[in-house]
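K.L.:
Sharing a structure with you now.
Protein chains: 2
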Amino acid sequence: MAKIDLVRRAEIGREKRARTRAQILEAGALLLAERPPEALTVDAVVEAAGVAKGTFYYHFLSISELAAAVGVMLGESFDEMLTPAKLELSDPVARLVFMSRQFLQKAISDQVWARLVVQSSQSPTEFGRGIREHLKADLAEAIAQGRMVVKDVDLAADIVIGMLLQIMRGIIERGAPRDLIREALDAVLRALGAAETGFDGLDDVLDGQPGEGATP
Amino acid sequence: MAKIDLVRRAEIGREKRARTRAQILEAGALLLAERPPEALTVDAVVEAAGVAKGTFYYHFLSISELAAAVGVMLGESFDEMLTPAKLELSDPVARLVFMSRQFLQKAISDQVWARLVVQSSQSPTEFGRGIREHLKADLAEAIAQGRMVVKDVDLAADIVIGMLLQIMRGIIERGAPRDLIREALDAVLRALGAAETGFDGLDDVLDGQPGEGATP
DNA sequence: TTTCATGTTGACTGTATAGTCGATCCGACG
DNA sequence: CGTCGGATCGACTATACAGTCAACATGAAA
Chain R
24 MAKIDLVRRA
34 EIGREKRART
44 RAQILEAGAL
54 LLAERPPEAL
64 TVDAVVEAAG
74 VAKGTFYYHF
84 LSISELAAAV
94 GVMLGESFDE
104 MLTPAKLELS
114 DPVARLVFMS
124 RQFLQKAISD
134 QVWARLVVQS
144 SQSPTEFGRG
154 IREHLKADLA
164 EAIAQGRMVV
174 KDVDLAADIV
184 IGMLLQIMRG
194 IIERGAPRDL
204 IREALDAVLR
214 ALGAAETGFD
224 GLDDVLDGQP
234 GEGATP
Chain G
24 MAKIDLVRRA
34 EIGREKRART
44 RAQILEAGAL
54 LLAERPPEAL
64 TVDAVVEAAG
74 VAKGTFYYHF
84 LSISELAAAV
94 GVMLGESFDE
104 MLTPAKLELS
114 DPVARLVFMS
124 RQFLQKAISD
134 QVWARLVVQS
144 SQSPTEFGRG
154 IREHLKADLA
164 EAIAQGRMVV
174 KDVDLAADIV
184 IGMLLQIMRG
194 IIERGAPRDL
204 IREALDAVLR
214 ALGAAETGFD
224 GLDDVLDGQP
234 GEGATP
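Those protein sequence lines, which keep their order, are chains R and G.
The opening residue of the first sequence carries number 24 in my numbering; numbering runs sequentially from there.
The opening residue of the second sequence carries number 24 in my numbering; numbering runs sequentially from there.
Spelled out as C-alpha cells, the structure:
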C-alpha cells in the first residue's frame with residue numbers, strides 16, 4: 024500500500040476551504056451588523072453566503088460559533104488598528120486619544136464595521152472584554168501618573184467606551200458633522216479630567232498628526 | 024329584544040382583563056430585560072406569565088406589540104421619575120444632573136429595570152426617542168445660555184446617554200462602588216464642559232439634596 | 001336559575017428553522 | 001484516465017414556533 028502524502032492532501036483543499044469559510048464569515052458579519060446573534064438563522068447565513076446548508080455545518084458547529092468567529096475577526100481588526108499606537112506612543116493618554124480617534128474614523132469610513140461593533144457591544148463577547156482590558160491598562164497607567172481626575176479604572180473605562188459607542192451610533196444614524204472627532208476627543212479627555220495634564224505632543228495626536236519621534 | 028347595558032357589560036371583565044394583561048406585560052418585561060425582542064417567543068411569554076397561548080393573542084397582536092407596550096410602560100416610569108425635576112428646577116443644567124442622578128439611582132435599586140433600559144436602548148423605540156428629545160431640550164437651553172463648551176446638541180446628547188448607559192452596564196455587571204453616582208455626575212458635567220458654569224444650588228442637586236425653593 | 005357578554009383555554013394546523021447524511025463534485029496524484 | 005480524499009451539496013427528519021379556533025369558565029343581570 025503506497026502511502027500517499029497525507030500532509031500534502033491536507034493542504035490541497037485548504038485554499039478552497041479557507042475561501043468558503045471566509046465567504047460564510049463575511050456573510051455572517053454582514054448579517055450580524057444588523058441583528059443580534061439570537062435572531063440570526065443558519066438559512067439566512069447560507070443564503071447570503073451562497074453555499075449549501077451542509078457546508079455551514081462543515082465549517083461551524085452552530086450560529087454562536089460563527090458569531091464567536093466574527094468576534095475574533097473584529098478583534099483582529101482592532102489589533103491591526105491599534106498596533107501602531109503601542110509602538111510609537113509611550114504616553115498612555117496619547118495612546119487613549121489615538122485609539123479613540125482611530126475608532127471614530129473607522130466608524131465613519133466603514134458603516135458595516137460600525138454597526139457590527141455596536142451590535143457586538145451588547146452581549147459581552149471575548150472581543151469586547153479584550154478591548155476593555157487593553158483600554159483599562161492605559162487608563163491605569165494614566166491614573167498612576169496622576170494625569171486623571173477619575174481614579175476608578177472601571178468607571179473611566181465605562182466613560183470612554185460609553186461615549187465612543189454612543190457617538191458611533193450617532194454617526195450611523197445621523198452621520199458625522201464637521202469637527203465631530205476633535206470635539207468628541209476633547210469631551211472624552213474632559214470627562215476623565217485629563218484635559219489639562221497633557222504632554223507636549225498631545226495636540227498632534229488630537230489632530231491626527233504624526234506623533235512623537237516621527238518628525239526627524 | 025331588551026337592550027342590555029353594554030357599557031356596564033364592557034366594564035365587567037375589565038378588572039380581570041387588566042390583571043391578566045398586566046401579568047403578560049410583567050412577564051414580557053422580565054424576559055425583555057435579558058434578551059432582545061427578536062429572540063422572544065410567544066411560548067416563553069405565556070409560560071412565564073402562566074396563561075394560555077390564546078390569551079396572549081387576545082391581548083396582543085404580536086410580540087412586537089408586546090415589546091411596544093413594555094416600551095410605553097418604561098416611558099411612563101421615566102415620566103414619573105422626571106416630573107419633579109420639571110416642576111421644581113428651572114435651571115437646565117440642574118435638571119440634567121437631577122435626571123442623571125435619578126437614572127443611576129434607579130439602576131442601582133432595580134436591576135431588572137436597568138437591564139430593560141439597556142436592552143431597549145439598542146433598537147430605537149418610541150420610548151428611546153422620547154427620552155432623547157426631552158434631554159436635547161434641556162441641553163439646547165443650556166447651550167443657549169452659554170453654559171456648555173459642547174455646542175452640538177446631538178453630540179451632547181450622545182455624550183450624556185452614552186456615559187449613563189455604559190455606567191448602567193457597569194452597575195449591572197460589577198455593582199456600584201461608593202461615590203459612583205457623584206463621580207459619574209461630575210464626569211458628565213466635565214464632558215459637556217459645564218462643570219465651571221454652574222449656579223449656586225448645583226452642589227445640592229449633585230448631592231441629591233432638596234433643590235432651590237424647597238428650603239423656606 | 002337561566003342567559004349571555006367577556007375572557008380564558010389548549011389542542012390543532014401550517015411554516016420556519018435546526019441539524020443530519022448519503023450523493024456528488026473537484027482536483028491532485030499515480 | 002482512473003483513484004481517492006477532502007469539500008460541497010441539498011433533500012430529509014425532527015422540532016420549535018406562530019397563529020387559529022371551537023369549547024369552556026366566569027359572573028353580573030334578568
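Don't be surprised by glycine CBs; every beta carbon is placed ideally from N, CA and C.
Could you give the residue range of the alpha helix (DSSP H) that holds Gly98 of chain R?
P.N.:
It spans Ile86 to Glu111 - the alpha helix (DSSP H) in which Gly98 of chain R sits, taken as one unbroken run.
K.L.:
Can you list, in chain order, the residues of its chain whose CB lies under 6 Å from that of Gln46 of chain R, leaving out five sequence neighbours each side?
P.N.:
So the list reads Ala72, once near-sequence residues are dropped.
K.L.:
Using the Cβ count rule (16 or more neighbours within 10 Å means buried), how would you classify Arg192 of chain R?
P.N.:
Buried is the call here.
K.L.:
Using the rule of at least 16 other Cβ atoms within 10 Å of the residue's Cβ for burial, across every protein chain shown, is Pro115 of chain R buried or exposed?
P.N.:
That one is buried.
K.L.:
Can you give me the start and stop residues for the alpha helix (DSSP H) that Gln189 of chain R sits inside?
P.N.:
Unbroken alpha helix (DSSP H) run through Gln189 of chain R: Val176 to Arg197.
K.L.:
Using a beta-carbon distance cut-off of less than 9 Å, what residues from the stretch 162-181 of chain R approach chain G?
P.N.:
Those residues of the stretch 162-181 of chain R that come within reach of chain G (Cβ to Cβ, closer than 9 Å) are Val172, Val173, Lys174, Asp175, Asp177, Leu178, Ala179, Ala180 and Asp181.
K.L.:
Please say whether Ile86 of chain R and Val65 of chain R have beta carbons closer to each other than 9 Å?
P.N.:
Yes, the pair counts as a contact, with Cβ atoms nearer than the cut-off.
K.L.:
From the DSSP output, in three-state form, read off Gly247 of chain R for me.
P.N.:
With chain R represented from 24 up to 239, any question about residue 247 of chain R goes unanswered, as that position is not in the structure.
K.L.:
For the stretch 57-70 of chain G, which residues have a CB atom closer than 8 Å to at least one CB atom of chain R, in sequence order?
P.N.:
Of all residues in the stretch 57-70 of chain G, Arg58, Pro59, Glu61 and Ala62 have a Cβ within less than 8 Å of some Cβ in chain R.
K.L.:
For Thr148 of chain G and Glu99 of chain R, I'd like the C-alpha separation in whole angstroms.
P.N.:
In a straight line, the C-alpha of Thr148 of chain G is about 32 Å away from that of Glu99 of chain R.
K.L.:
Cβ atoms of Ile131 of chain G and Ile204 of chain G: under 9 Å apart, would you say?
P.N.:
Yes, these two residues count as a Cβ contact at 9 Å.
K.L.:
Quick one: is Met104 of chain R near chain G, going by C-beta distance under 9 Å?
P.N.:
With 9 Å as the cut-off, Met104 of chain R does not count as an interface residue toward chain G.
K.L.:
Check distances from the C-beta atoms of the stretch 122-154 of chain R to those of chain G and list, in chain order, the residues that come in under 7 Å.
P.N.:
Listed by position, the residues of the stretch 122-154 of chain R near chain G (Cβ gap below 7 Å) are Gln145.
K.L.:
Locate the alpha helix (DSSP H) running through Pro115 of chain R, then write down its first and last residues.
P.N.:
Where Pro115 of chain R is concerned, the enclosing alpha helix (DSSP H) stretches over Pro115 to Ser132.
K.L.:
Could you pull out every residue in the same chain whose Cβ sits closer than 6 Å to the Cβ of Tyr80 of chain G, ignoring the five residues on either side in sequence?
P.N.:
Here the set comprises nothing.
K.L.:
Would the beta-carbon of Ala210 of chain R fall within 9 Å of that of Ala214 of chain G?
P.N.:
It is a contact, given that the beta carbons lie within the stated cut-off.
K.L.:
Less than 9 Å between the beta carbons of Leu89 of chain G and Leu48 of chain G, yes or no?
P.N.:
Taking 9 Å as the Cβ cut-off, Leu89 of chain G and Leu48 of chain G qualify as a contacting pair.
K.L.:
Can you check which of these residues, R:Gly51, R:Ala218, R:Lys76 and R:Glu61, is closest to Met171 of chain R by C-alpha distance?
P.N.:
Here the closest residue by C-alpha is R:Ala218.
K.L.:
Contact between the stretch 103-123 of chain G and the stretch 57-64 of chain G: three or more CB pairs below 8 Å?
P.N.:
Contact fails: fewer than three Cβ-Cβ distances are below 8 Å.
K.L.:
Rounded to the nearest angstrom, what separates Val74 of chain G and Leu53 of chain G at their Cα positions?
P.N.:
For Val74 of chain G and Leu53 of chain G, the distance between alpha carbons rounds to 15 Å.
K.L.:
How would you label Val173 of chain G, buried or exposed, when you count the other beta carbons within 10 angstroms and need 16 or more for buried?
P.N.:
The residue in question, Val173 of chain G, is buried, as its Cβ has 16 or more Cβ neighbours within 10 Å.
K.L.:
Could you check whether the Cβ of Ile190 of chain G sits closer than 9 Å to any Cβ belonging to chain R?
P.N.:
Chain R contact via Cβ: present.
K.L.:
What in chain G is Cβ-close to Leu110 of chain R, meaning under 8 Å?
P.N.:
Per Cβ cutoff of 8 Å: no residues; Leu110 of chain R is ~29 Å from chain G at best.
K.L.:
Please confirm whether Ala214 of chain G has its beta-carbon closer than 9 Å to some beta-carbon of chain R.
P.N.:
Yes, Ala214 of chain G lies at the interface with chain R (some Cβ there is under 9 Å from its Cβ).
K.L.:
Going by C-alpha to C-alpha distance, which of G:Asp161, G:Ile190 and G:Leu158 sits closest to Asp175 of chain R?
P.N.:
Of G:Asp161, G:Ile190 and G:Leu158, the residue nearest in Cα terms is G:Ile190.
K.L.:
Could you please give the first and the last residue of the uninterrupted alpha helix (DSSP H) stretch that includes Ala72 of chain G?
P.N.:
Looking at the DSSP string, the run of the alpha helix (DSSP H) that includes Ala72 of chain G is Val65 to Ala72.
K.L.:
Which of helix, strand or coil does DSSP assign to Val172 of chain G?
P.N.:
Coil.
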